[in-house]
Each structure stands twice: as C-alpha cells, then as structure tokens.
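Undergrad:
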Amino acid sequence: METPHAAATADHQSLDWLNGGLRQVLLDRTPTGGQPELSRLAAPAGTTSSVQPYACEDEIVVMLSGSGIYWVGEHRFELSAGGVVFVPRGVTTAHRITADAEKLTVTTPGGLEAFLRRVCRDVSSPRPVGWRISFDAMVHAAAATGQTILVAPLQADDAARRACSPPDHRRVSRLATSR
0 METPHAAATA
10 DHQSLDWLNG
20 GLRQVLLDRT
30 PTGGQPELSR
40 LAAPAGTTSS
50 VQPYACEDEI
60 VVMLSGSGIY
70 WVGEHRFELS
80 AGGVVFVPRG
90 VTTAHRITAD
100 AEKLTVTTPG
110 GLEAFLRRVC
120 RDVSSPRPVG
130 WRISFDAMVH
140 AAAATGQTIL
150 VAPLQADDAA
160 RRACSPPDHR
170 RVSRLATSR
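Structural data, given as structure tokens:
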C-alpha cells in the first residue's frame, strides 16, 4: 500500500490546453506509486481531442458540467453533467465538447500527465506570443511518453466516428507511423 497523499488547490499544476481550455493535474503517478492520475479540464464548446488509443491506460471521464460527445471504438456517447464514460485501454477514443464543460479524468495506471506536461504550457509562466499546441507538438510529446496520436483534433462528428472505428484505426495507424 502506498502512503496517503493530499494536495491543496494551490498544489495543482495548471496547464494551457486546446482551444483556450485549462487542464489541471490534480494527482499524478508519483504519490500514488504509478497508480491513478487525476486531472480536471475546463474547456469551451467546440474543443475537440485528437483520436488516440491509450495503449497502457484505462480512462474514466466524469462530466461535471456542460456536455460532450465521446467516441469509444465504434460507440458514440453523449454526456452531460453527471455522465460517466469508461474507455478501456487499447480502444481508440476521441471527444468533442458541445457546451462549455468541466470534467474529471482518471487514468490508470498514471502517466498521462507526462504527455500533458510535454505538450501543454504551465500557466505559472508568461505565455509566449503566438503560443499554441500544434499537432506536431502533440505527436512528439506522444512519442516521448509512450502515447499514440492517430488523427489531429477533429472538426466533425462523422470524422470522429470513422477515425475511431476499427477498420479506419488500422488505416490511420499506418499513416501516422509513415510520417
């Protein structure tokens, strides 16, 4: 059993995220001995994720406020406040925030925070002029932390559905590795 751990609000690392969102790392793998990672995301409507399978992590998302659409493999889920989705490791996933939202995400084992820290910008430092998260930055951070990004953040429901389905997953994987 690991040592108990508590963190005050001031201890949470805040990171710039896509589309002006704010991602906070509430609990990383260090105090949990590599077990869960917990983060909170506040994101405006229209924010989309990349299409990716988590090879080593299971993910649980709890929508605290707002709403979003989640694609998990061939399944499409619409979540609103209080909704929960489970993404098993190895299954391709993507999401789009449809109304300004706040959500909690638990990944286990921990480690996703290493990707976030590489691709995001800690808000405690000044924002460089023109700073943004690029698809190339996401791909490089993913490669450095054992993650896989298959497709850049999405713009259409149909694109997410196709990208998350198993036949397109194989096709897109070949494209991503040929970059």
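At position 163 of the sequence shown (counting the first as 1) the number is 162 in numbering that gives the first Met the number 0, and the numbers step up by one without a gap. Even glycine gets a Cβ: it sits at the ideal position worked out from N, Cα and C. Fair warning: this is a prediction, and the values are worked out from it, not measured in the lab.
In whole angstroms, what is the alpha-carbon distance linking A155 and V50?
TA: The pLDDT assigned to A155 is 47, lower than 50, so where the model puts this residue is not dependable, and the model offers no usable value.
Undergrad: Counting beta carbon pairs with one atom in the region 65 to 81 and one in the region 114 to 128, are three or more of them shorter than 8 Å?
TA: As far as the Cβ criterion goes, the region 114 to 128 does not touch the region 65 to 81, which means the pair count is below three.
Undergrad: Per DSSP, which one or two residues make a beta bridge with T179?
TA: Examination of residue 179 is not possible in this model, given that the chain is present from 0 through 178 alone.
Undergrad: Under three-state DSSP, which class holds T144?
TA: If DSSP states are grouped into helix, strand and coil, T144 belongs with the helices.
Undergrad: Go ahead and label S48 buried or exposed: buried means 16 or more other beta carbons lie within 10 angstroms of its beta carbon, across all protein chains shown.
TA: Under this definition S48 is a buried residue.
Undergrad: What's the C-alpha gap between H94 and P3?
TA: Cα to Cα, the separation comes out at about 33 Å.
Undergrad: Assign D135 to one of two classes, buried (16 or more other C-beta atoms within 10 Å of its C-beta) or exposed (fewer than that).
TA: Result: exposed.
Undergrad: Can you list, in chain order, the residues of its chain whose CB lies under 7 Å from that of G19, leaving out five sequence neighbours each side?
TA: Cβ neighbours of G19 beyond the five flanking positions: P43.
Undergrad: Rounded to the nearest angstrom, what separates S64 and V150 at their Cα positions?
TA: Roughly 27 Å between the two C-alpha positions.
Undergrad: L14 and L115: beta carbons closer than 8 Å?
TA: Yes. Within cutoff.
Undergrad: Shortest alpha-carbon distance to G145 belongs to which of P127, Y53, E101?
TA: With distances taken between Cα atoms, G145 lies closest to Y53.
Undergrad: Please classify V71: does DSSP put it in a helix, a strand, or coil?
TA: Three-state DSSP puts V71 in a strand.
Undergrad: Quick check on the DSSP output: the alpha helix (DSSP H) that includes L111 runs from which residue to which?
TA: L111 -> alpha helix (DSSP H) spans 111 to 118.
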